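Numbering (my numbering), first residue to last: 5 to 237.
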């Protein structure tokens, strides 16, 4: 097959060891979290302190608790403090979202968090996928200064949401990156690229949990390597 232009591969992980595995096997960027079993939470300060020794850029998940993305003011204060910790640890970016009760983006809370992030790269996470109007949310994200939106096209998986993702990429143009995620594997990477025109993909590449690892989401180096190869050809 003919080699095509390089696509950026972001792998989400829940430990320093998994971040190193992902980087060694072809990840261009890490989304650094804890507790991926509940969708990812802010990593501990101890985990963030190791960011500087991970050989690829790390974006830190800023999510103080499981559950919905409707936050109290006190939780937004916590998230702003977590952003500061991520910056001090050497993170290149942060990943966050906040909504109203109806699922629409909470522009006020997001503006506070974007201001806290300053010049760091900013990803709007899959809170975007519960918004009632994806195209209005896209414009809100652009206006707030987000650099990318992580989305499954408001479906369970990115492959199911291909049509929406393609529309979002077309609407976004050069203003913001649309990052397809959820269910991304080596088996569907070429389909996602062909159907959406995406320049980046987000995946977990998790391996089957072993005995004693209940609730653990561990990174499979071979799955990362296979996905990298599929994206490159």
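Positions of the beta carbon are idealized from the N, C-alpha and C atoms, including for glycine.
Owing to the predicted nature of the structure, the values given are computational and were not obtained by experimental measurement.
Rounded to the nearest angstrom, the gap between the Cα atoms of residue 45 and residue 29 is 24 Å. Annotation: residue 102 to residue 201 spans about 27 Å, alpha carbon to alpha carbon.
Comparing alpha-carbon positions, the option among 188, 190, 155, 186 lying closest to residue 173 turns out to be 155. Relative to the Cα of residue 98, the nearest Cα in the group 146, 195, 132, 34 belongs to 34.
The residue among 131, 13, 177, 91 with its C-alpha nearest the C-alpha of residue 122 is 91.
For the options 143, 223, 100, the alpha carbon positioned closest to that of residue 177 is the one of 143. Secondary structure of residue 28 (DSSP, three-state): helix. In the three-state reduction of the DSSP assignment, residue 99 falls in the strand class. Residue ranges of uninterrupted alpha helix (DSSP H) with 4 or more members, entirely inside the stretch 48–73 and ordered along the chain, are 49–52.
Beta-bridge pairing by DSSP links residue 36 to 17, 64. The beta carbon of residue 40 sits closer than 8 Å to those of 16, 17, 18, 208, 210, 221, all from its chain and outside the five residues before and after it, given in chain order. Of the residues 42, 182, 89, the one whose Cα lies closest to the Cα of residue 14 is 182. When beta bridges are read from the DSSP output, residue 184 appears opposite 155.
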